[in-house]
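Novice: As numbered in numbering that gives the first Met the number 0, the sequence shown has no gaps in its residue numbers, which increase by one up to the final residue, 159.
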Amino acid sequence: MATKAIPDGYTSVTPWIISRDTAAVIDYLSAAFDAVELGRVVDPSGRIGHAEVRIGDAIVMLFDGEPSWPATPAFLRLYVEDAHAVQRRAVAAGGVAISDVTHLAFGDLVGRVRDPFGNVWWLQTHIEDVTPEEIGRRFGDPQFIAAMEYMRRPETAFFT
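1. Near Tyr-78, which residues of its chain fall below 8 Å by C-beta distance, leaving aside the five closest residues on each side in sequence?
2. Can you check the segment 67-142 for any alpha helix (DSSP H) of at least 4 residues that lies completely inside it and give the ranges in chain order?
3. Three or more C-beta pairs under 8 Å: does that hold for the segment 138-156 against the segment 98-113?
4. Check the C-beta distance from Ile-58 over to Ala-22 and give it rounded, since I have them as a contact under 8 Å.
5. Does at least one heavy atom of the ligand MG sit under 7 Å from the Cβ of Asp-128?
6. Find the nearest neighbour of Arg-113 within the set Glu-80, Leu-75, Arg-152 and Met-60, judged by alpha-carbon distance.
7. Terminal residues of the continuous beta strand (DSSP E) containing Ala-57?
8. Give me the Cβ distance between Pro-115 and Gly-93, rounded to the nearest whole Å; I'm assuming they're in contact under 8 Å.
9. According to DSSP, Glu-36 sits in a beta bridge with which residue or residues?
10. Apply the 10 Å Cβ neighbour rule to Gln-142 and answer buried if 16 or more other Cβ atoms are within range, or exposed otherwise.
11. Opposite Val-41 in the DSSP bridges: which residues?
12. Using the Cβ count rule (16 or more neighbours within 10 Å means buried), how would you classify Asp-63?
13. How is the beta strand (DSSP E) around Ser-11 delimited, first residue to last?
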């Protein structure tokens, strides 16, 4: 039996979240996104040196950064069945809505939430398959122009 280059349960890209309080991040991810903790390694000082959670079909790895390191917020896209419901849950769990869930030209509903640790989550539900030609047409449609302008306004930008 050959060893797999990508272990079972992992995808080609696995994000890391580095924080000052990984245990609290895991608690938030569990409350907001139904994350399931797969394990953690704690060093003698109590810091988490490695942890993993599963959100949907993806594994996210986490660890406590060194206190002297600058903040390193993560930016993650999370596809979900119901972007509206998940955004409400993420806010109820302590996140802050950055933008309302908005129908964008490429066929997704997209809302953004900043979690209590500075990480930004793009919560998306794919609601329609859109051809490249239709996307091009939509970029000239006032409804979709307004939606994109809304997502780009300073008060809804992910960096504010």
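Think of the CB as a built atom: it goes at the ideal place given N, C-alpha and C, for glycine as much as any other residue.
Since the structure is predicted, the reported quantities are computational estimates derived from the model, not experimental observations.
Specialist: If we stick to the structure as given:
1. Gly-55, Gln-123, Thr-124 and His-125
2. The segment 67-142 is shown to contain whole alpha helix (DSSP H) runs of 4 or more residues at 82-91 and 131-137, in chain order.
3. yes
4. Incorrect: roughly 18 Å between the Cβ atoms, too far for contact.
5. Absence of the ligand MG is noted for the structure shown, with no ligands found whatsoever.
6. Leu-75
7. Where Ala-57 is concerned, the enclosing beta strand (DSSP E) stretches over 57-63.
8. In this structure Pro-115 is in contact with Gly-93, their Cβ atoms being roughly 5 Å apart against a cut-off of 8 Å.
9. When beta bridges are read from the DSSP output, Glu-36 appears opposite Val-52.
10. exposed
11. Looking at the DSSP output, Val-41 shares a beta bridge with Ile-47.
12. buried
13. Per DSSP, Ser-11 belongs to no beta strand (DSSP E) and is neither H nor E.
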